[in-house]
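In this note's numbering, the protein residues as written are 1444 to 1638. Input: a single structure, listed below in structure tokens.
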Amino acid sequence: MILVTGATGLVGSHILFKLLEKGQQVRALYRAGSDLERIKRVFGYYSKTPEDLFNKIDWYEADILDPAELDGAFKNIQRVYHCAALISFDPKDKKQLYKTNVIGTQNVINYCIHHKVKKICYVSSIAALGDGVHQQLMDEETEWDENTQSAYSVTKYGAEKEVWRGAQEGLKVVIVNPGIIIGPGFWHTGSGALF
């Protein structure tokens, strides 16, 4: 079975759809108070039977910041798509960004290791890469200066360090660093609100 964190967000909901379309068994993490109807709306852009797809999901209520809630979500999971994150460039959100993006990812990685998950794909951000020094191309060896980055960038980079820790402990990992993400169903929130 595949677990998707951040399943009620733009990326998570689209990953859910693609996995279900391929016939995969999927468990989706959601927090109390999440609007699950918007998942059906996203599915409706791509399917004539969004309700049928939605009903195939094993929904699991948990917050990535609550380790006790997370344990059951990882039972019988082979792969994880970790999409849960807080996106904000407001300096007032620095503490919450750290909690959600770094501590939340730390919890997810710990449970992946504990439950012997085979592989995790972490959806990071281009922001985690920082700014290239002297306009040079960037790679894994590029210098990263925390003092010149936004709180969001720092926390996504910190979350990547947790994923790298998981790799050092034997977890197979993939990290993707998308730029601005837009798509059907989320026109008034996140990146979609910019347009």
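Beta carbons: idealized from backbone N, C-alpha and C, even for Gly. All values derive from a computational prediction rather than experimental measurement.
Proximal residues to A1505 (C-beta, below 7 Å), its chain only, five neighbours per side dropped | Mapped onto the sequence shown, residue 1505 falls at position 62. In the same chain as A1505, and ignoring 5 residues on each side of it, the C-beta atoms closer than 7 Å to its own belong to L1472, E1512, L1513 and A1516, in chain order.
Can you tell me which of G1466, R1481, V1469 and Q1468 puts its alpha carbon nearest to the alpha carbon of T1451?
-> The residue given as residue 1451 occupies position 8 in the sequence shown. Taking each of G1466, R1481, V1469 and Q1468 in turn and checking the Cα distance to T1451, the smallest one comes out for R1481.
Do you know offhand how far I1618's Cα is from T1448's?
-> If you number the sequence shown from 1, residue 1618 lands on position 175. If you number the sequence shown from 1, residue 1448 lands on position 5. Each residue's Cα considered, the two are about 15 Å apart.
Inspect the beta-carbon positions of P1621 and S1568 and report whether they are closer than 8 Å.
-> By one-based count along the sequence shown, residue 1621 stands at place 178. By one-based count along the sequence shown, residue 1568 stands at place 125. Going by beta carbons, P1621 and S1568 fall inside the 8 Å limit.
C-alpha gap between V1597 and R1484, whole angstroms = One-based indexing of the sequence shown puts residue 1597 at position 154. One-based indexing of the sequence shown puts residue 1484 at position 41. In a straight line, the C-alpha of V1597 is about 33 Å away from that of R1484.
Identify the residues that DSSP records as bridge partners of Y1503: which are they?
-> On the sequence shown, residue 1503 is found 60 positions in, with the first residue counted as 1. Partner(s): L1472.
Per DSSP, T1448 forms a beta bridge with which residues?
-> In the sequence shown, counting from the first residue as 1, residue 1448 sits at position 5. Looking at the DSSP assignment, T1448 forms a beta bridge with H1525.
Three-state secondary structure assigned by DSSP to V1619 | Sequence index remark: in the sequence shown, residue 1619 carries index 176 (1-based). In the three-state DSSP reduction, V1619 falls in the strand class (E or B).
Continuous alpha helix (DSSP H) stretch holding K1542: start and end = As a working note, residue 1542 is residue 99 in the sequence shown. Counting along the chain, K1542 falls outside any alpha helix (DSSP H), and DSSP gives it neither H nor E.
Beta-bridge pairing of I1563 - partner residues as DSSP gives them = For the purposes of this step, residue 1563 is taken as the residue at position 120 of the sequence shown. V1523 and V1616.
Using DSSP with H/G/I as helix, E/B as strand and the rest coil, what is P1510?
-> Locating residue 1510 in the sequence shown gives position 67, where the first residue counts as 1. It is helical.
Tell me whether Q1592 sits in a helix, a strand or coil according to DSSP, three-state version.
-> On the sequence shown, residue 1592 is found 149 positions in, with the first residue counted as 1. DSSP, read as helix, strand or coil, puts Q1592 in coil.
So what's F1497 in DSSP terms, helix, strand or just coil?
-> Taking the sequence shown and counting its residues from 1, one reaches residue 1497 at position 54. Here F1497 sits in helix by DSSP.
Start and end residues, alpha helix (DSSP H) containing E1464 = One-based indexing of the sequence shown puts residue 1464 at position 21. E1464 -> alpha helix (DSSP H) spans L1453 to E1464.
Please determine if the region 1545 to 1552 and the region 1584 to 1595 are in contact, where contact requires at least 3 C-beta pairs separated by less than 8 Å.
-> No, the region 1545 to 1552 is not in contact with the region 1584 to 1595.
Sequence-distant residues of the same chain with beta carbon closer than 7 Å to L1462, five excluded per side | As a working note, residue 1462 is residue 19 in the sequence shown. Same-chain partners within the cutoff: I1445 and V1469.
Helix, strand or coil for T1548, going by three-state DSSP, please let me know.
-> Translated into positions along the sequence shown, residue 1548 becomes position 105. T1548 falls in the helix class under three-state DSSP.
When DSSP labels each residue in this structure, what does Q1611 get in the three-state scheme?
-> Counting from one through the sequence shown, the residue named residue 1611 turns up at place 168. Note: Q1611 maps to helix in three-state DSSP.
My guess is that V1616 and Y1565 are in contact by the Cβ rule of under 8 Å, so how many angstroms apart are they, rounded?
-> Taking the first residue of the sequence shown as position 1, residue 1616 is located at position 173. Taking the first residue of the sequence shown as position 1, residue 1565 is located at position 122. The pair is a contact, with the Cβ atoms about 7 Å apart (cut-off 8 Å).
Quick one: Cα of C1639 to Cα of K1537, how far?
-> Outside the displayed range of the chain (1444 to 1638) lies residue 1639, so it cannot be described from this structure.
Compare the Cα-Cα distances from L1572 to each of K1604, V1454 and K1465 and report the closest residue.
-> Here the question's residue 1572 lines up with position 129 in the sequence shown. Closest option to L1572, Cα to Cα, is K1604.
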